[in-house]
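The structure under discussion appears below in the form of structure tokens.
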Amino acid sequence: MFKVRRFVCLALVCALVGVAYGAAHKIGSFLPQGLELATADGMAILNFAQGTGGPLGTDGKTITHIMITGFTPFTTYDVEFRSPTQGSFFGGGILVTDDRGDAQFKDSLPGLDISDSDIYIYVNMGTPAQELRAVGLQ
Numbered sequence: 554m555f556k557v558r559r560f561v562c563l564a565l566v567c568a569l570v571g572v573a574y575g576a577a578h579k580i581g582s583f584l585p586q587g588l589e590l591a592t593a594d595g596m597a598i599l600n601f602a603q604g605t606g607g608p609l610g611t612d613g614k615t616i617t618h619i620m621i622t623g624f625t626p627f628t629t630y631d632v633e634f635r636s637p638t639q640g641s642f643f644g645g646g647i648l649v650t651d652d653r654g655d656a657q658f659k660d661s662l663p664g665l666d667i668s669d670s671d672i673y674i675y676v677n678m679g680t681p682a683q684e685l686r687a688v689g690l691q
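Residue numbers (the numbering used here): 554 to 691.
In structure tokens:
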């Protein structure tokens, strides 16, 4: 049931994002790392919408939608975006799981195009202590 819902949601989001902004970059699953539950999984869509006023690649925004499921319940996670072209960016403490270990994050990150990023999810253990819990590769 969840896989069918996930597929339908992904198809709808991709269709909407694709029409409005162009091709989206997709991460279809996350691989659990370290002490994370074996049930941990998720998906992400990253898309860059070019603005109109600045130099190419600096005026616009990267639109992100991350969904995770089966992670440790009631836990706060930090997300790192690792772009091969723009470097590494953290979006600190943005995923907080519910009683089933599910969470979502939707945001627009202004500036550089980081839609080509791989995503690394860390459990937030207090700055700067973090522990890698999942990786999503494009």
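Beta carbons are placed, not taken as given, at the ideal position from N, Cα and C, and that holds for glycine.
Could you tell me if R686 is buried or exposed, where buried requires 16 or more neighbouring beta carbons within 10 angstroms of its beta carbon? Taking all protein chains shown into account, R686 has 16 or more neighbouring C-beta atoms within 10 Å of its C-beta and is therefore buried.
T592 versus K614, F624 and F601, residue with shortest Cα-Cα distance: Nearest of K614, F624 and F601 to T592, Cα basis: F624.
Take every Cβ of the segment 574-590, pair it with every Cβ of the segment 636-650, and state whether three or more of those distances are shorter than 8 Å. Contact between the segment 574-590 and the segment 636-650 is absent, because fewer than three Cβ pairs lie under 8 Å.
Supposed contact pair N600 and D631 - C-beta distance, whole angstroms, cut 8 Å: Not really, about 22 Å apart at Cβ, beyond 8 Å.
A656 to I667 span [Cα, whole Å]: When only Cα atoms are considered, A656 and I667 end up about 22 Å apart.
Own chain, CB closer than 8 Å to P626, minus 5 neighbours either side, in chain order: Cβ neighbours of P626 beyond the five flanking positions: T650, D651, D652, R653 and G654.
Check whether the Cβ atoms of A597 and T617 lie closer than 8 Å to each other. For the pair A597 and T617, the CB atoms are nearer than the 8 Å cut-off.
Output the distance between the C-alpha atoms of I633 and G664, rounded to the nearest integer angstrom. Note on residue identity: the sequence assigns Glu, not Ile, to residue 633. Roughly 16 Å separates the two Cα atoms.
Cβ distance (whole Å) where I647 is taken to contact I580 below 8 Å: Not really, about 15 Å apart at Cβ, beyond 8 Å.
S582 burial status per 10 Å Cβ neighbour count (16 or more: buried): Classification of S582: exposed, given that the 10 Å Cβ count is below 16.
Answer yes or no: do T615 and L662 have a C-beta to C-beta separation smaller than 8 Å? Annotated as proximal: T615 and L662, with beta-carbon spacing under 8 Å.
Rounded separation between S670 and Q683 - CA only: The C-alpha of S670 lies about 20 Å from the C-alpha of Q683.
Comparing C-alpha positions only, which one of G613, I619 and G644 sits nearest to H578? Of the candidates G613, I619 and G644, the one whose C-alpha sits nearest the C-alpha of H578 is I619.
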